[in-house]
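In what follows, a single structure is set out as structure tokens and then discussed.
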Amino acid sequence: MKRERSAELYEKAKRFLPGGVNSPVRAFKSVGGDPFFVKEGRGSKIYDVDGNEYIDYVCSWGPLILGHAHPEVLSFVKEVAEKGTSFGIPCELEVSMAEAVVEAVPSIEKVRFVNSGTEATMSAIRLARGYTKRNKVVKFEGCYHGHVDYLLVKAGSGVLTFGIPGTPGVPEDFARHTLLARFNDLSSVESLFEKYGEDIACVILEPVMGNAGVIPPKEGFLQGLREITERYGALLIFDEVITGFRVSYGGAQKLYQVEPDLTCLGKIIGGGFPVGAYGGRAEIMDHVAPDGPVYQAGTLSGNPVAMAAGLKTLEILRRDNPYEELERKRKRLADEAKRLFEAKGIPVWINGVASMSCIFFTEGPVETYDDAVKSDTKLYSKFFWALLENGVYFAPSQFEAAFVSVAHTDKDIDRTLYAIEAALKKI
Ligand code: HOZ
45 MKRERSAELY EKAKRFLPGG VNSPVRAFKS VGGDPFFVKE GRGSKIYDVD
95 GNEYIDYVCS WGPLILGHAH PEVLSFVKEV AEKGTSFGIP CELEVSMAEA
145 VVEAVPSIEK VRFVNSGTEA TMSAIRLARG YTKRNKVVKF EGCYHGHVDY
195 LLVKAGSGVL TFGIPGTPGV PEDFARHTLL ARFNDLSSVE SLFEKYGEDI
245 ACVILEPVMG NAGVIPPKEG FLQGLREITE RYGALLIFDE VITGFRVSYG
295 GAQKLYQVEP DLTCLGKIIG GGFPVGAYGG RAEIMDHVAP DGPVYQAGTL
345 SGNPVAMAAG LKTLEILRRD NPYEELERKR KRLADEAKRL FEAKGIPVWI
395 NGVASMSCIF FTEGPVETYD DAVKSDTKLY SKFFWALLEN GVYFAPSQFE
445 AAFVSVAHTD KDIDRTLYAI EAALKKI
């Protein structure tokens, strides 16, 4: 495949943007090559500036559950944008969107919209600290909650991909109140509470880990966290930026029947536009300004364009209820891919929940961050490039999720399986 125009653009981009990109994982560094530049996306496909077509399993890192450029979403966005894109004054769409979120997500009674997942987690933790009047935050190895200073400790996503232990620019003092636990290991959480219980404001986690590959919670893990946090008067925060409206319409809390105190959302609720949100019981959310003293604000928060895209996306998901079909497609791809790897004698472990999955290049099982990092990332890189040459785009990192969207057809999955078969001949 030729990617000459992409190469030219990348050279130019590096003159003006750090690393030539606006987010590190886009630079393809961990798979050892240069990124392609996308020109457009339609349904399950993206097209680069050199005219190459790829079946896209990254889906903008999760938001595009309906696929690229969904006509109904686009038409509503256009209709709304023509009347103005941002006012900084309340608008009706914010209320409709809040109502849709509250109706869908079991634990949310009130919600505040922000502009990214990072803002959502940062604000939820501020609220948890303000509400409990405590300082410490428990996070899990491999969970990624955006680039909030004190949450970058042993995080997933790009931090894990690039092997960055924390990050320069975050004073040690800022991370002083961050306590690390092991995902799927309740005893690691118990010991932290035994030691610091009086000062732990909250436990935050991705209920299904989606930034160290995909790692589902073991049976009883989320329930155990609910019990421990309640016992010590700390808040439980689910970062459902990836899982919200992805693993079920009501998110992971609906799927696993565990209600957190606060929930962070992003990605799908923006329908492809920059949005985040945090919400929970009214009694907690009423501590947010202007009702309460915990300050948090944003010029573009709840802007009509993003609200329109999110609202239409949720409306379509509610109307079409595609979740069973999404899971069927994800499973079919995983099961048949697994057979291809077995036939070739390459050990892989595939984790999946609903429409999100990850092929780990290790024997498995993968239940923790330590299991995930045993993966052969060099082999993953070879696999990635071989797939790309065959017109299939998986994430340019072992430690990210693959997403199936409503737009992916069985024909796409057939083509992906051919591409996997061809890739396996090369690696
Ligand atoms: N959470 C996304 C990766 N898992 C964010 C993508 C990015 O960092 O650009």
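Sequential numbering of the sequence shown, starting at 45, is according to the numbering used here.
Glycine residues also receive a C-beta, built at the ideal position from the N, C-alpha and C atoms.
Just so you know, these numbers come straight off a predicted model, no measurement behind them.
Check whether the Cβ atoms of Val-258 and Ser-401 lie closer than 7 Å to each other.
yes
What are the boundary residues of the beta strand (DSSP E) that Ile-394 is part of?
393–397
When we look at the beta-carbon of Val-69 and count the other beta-carbons within 10 Å, is it buried (16 or more) or exposed?
buried
Given that a residue counts as buried once 16 or more other Cβ atoms are within 10 Å of its Cβ, and exposed if not, what is Thr-343?
exposed
DSSP on Cys-308, reduced to helix/strand/coil?
strand
Kindly give me the distance between the Cβ atoms of Gly-314 and Pro-107, rounded to whole angstroms, as I take these residues to be in contact under 8 Å.
6 Å
Is the segment 135–150 touching the segment 293–310 in the sense that three or more CB pairs, one from each, lie closer than 8 Å?
yes
Out of Asp-364, Gly-310, Val-436, Lys-89, which has the shortest C-alpha to C-alpha gap to Arg-156?
For Arg-156, the nearest C-alpha among the options comes from Gly-310.
Between Gly-161 and Ala-256, is the Cβ-Cβ spacing less than 7 Å?
no
Under 7 Å between C-beta atoms of Thr-412 and Arg-275
no
The ligand HOZ heavy atom lying under 6 Å from the CB of Asn-228
no
Quick one: grab the DSSP three-state call for Cys-246.
strand
For Leu-266 and Leu-230, what's the separation of their Cα atoms in angstroms?
9 Å
Ile-99: first and last residue of the uninterrupted beta strand (DSSP E) it sits in
97–100
Would a C-beta distance cut-off of 7 Å place Ala-278 and Cys-246 closer than the cut-off?
yes
C-beta contact flag for Ile-457 and Leu-377 at 7 Å
yes
Going by beta carbon distance, what residues of the same chain come within less than 6 Å of Gln-442, once the five residues before and after it are set aside?
Ser-419, Thr-421, Tyr-424
Could you say which of Trp-393, Val-436, Ala-451 lies nearest to Tyr-462 if we only look at CA atoms?
That would be Val-436, whose Cα lies nearest to the Cα of Tyr-462.
Quick check on Phe-289 - is its C-beta less than 7 Å from some C-beta in chain B?
Any reference to chain B falls outside this structure, which holds one protein chain only.
Give me the residue from Ile-109, Phe-438, Ala-164 with the minimum Cα distance to Gly-354.
The residue with the shortest Cα to Cα distance from Gly-354 is Ile-109.
So what's Thr-406 in DSSP terms, helix, strand or just coil?
Thr-406 falls in the coil class under three-state DSSP.
Meets three-Cβ-pair contact criterion under 8 Å: the segment 188–197 and the segment 346–362
no
What residues in its chain sit with their C-beta under 6 Å from that of Ala-466, if we drop five residues either side in the sequence?
Asn-434
Quick check: the segment 447–457 against the segment 83–90, are there 3 or more CB pairs under 8 Å?
yes
Can you tell me which of the three DSSP states Tyr-424 falls into?
helix
Proximity below 7 Å, CB of Pro-318 to CB of Asn-159:
yes
Could you tell me the distance, in whole angstroms, from the CA atom of Leu-459 to the CA atom of Ala-416?
A small correction: the amino acid at residue 459 is Arg; Leu does not occupy that position in the sequence shown. The alpha-carbon atoms of Arg-459 and Ala-416 are separated by roughly 28 Å.
Just to check my reading of the structure: Leu-171 and Val-332 have Cβ atoms closer than 8 Å, yes? What is that Cβ distance to the nearest angstrom?
Contact between Leu-171 and Val-332 is confirmed by a C-beta separation of about 6 Å, below the 8 Å threshold.
DSSP on Thr-222, reduced to helix/strand/coil?
DSSP, read as helix, strand or coil, puts Thr-222 in strand.
What are the boundary residues of the beta strand (DSSP E) that Phe-157 is part of?
154–158
Considering Gly-268, what are the terminal residues of the alpha helix (DSSP H) in which it resides?
265–276
Can you check which of these residues, Gly-95, Gly-316, Ser-399, Ile-403, is closest to Leu-118 by C-alpha distance?
Gly-316
Those runs of the beta strand (DSSP E) which lie wholly inside the segment 55–110 and span at least 3 residues:
DSSP runs (the beta strand (DSSP E)) wholly in the segment 55–110: 82–86, 89–92, 97–100.
Taking only three categories from DSSP, how would you classify Phe-385?
helix
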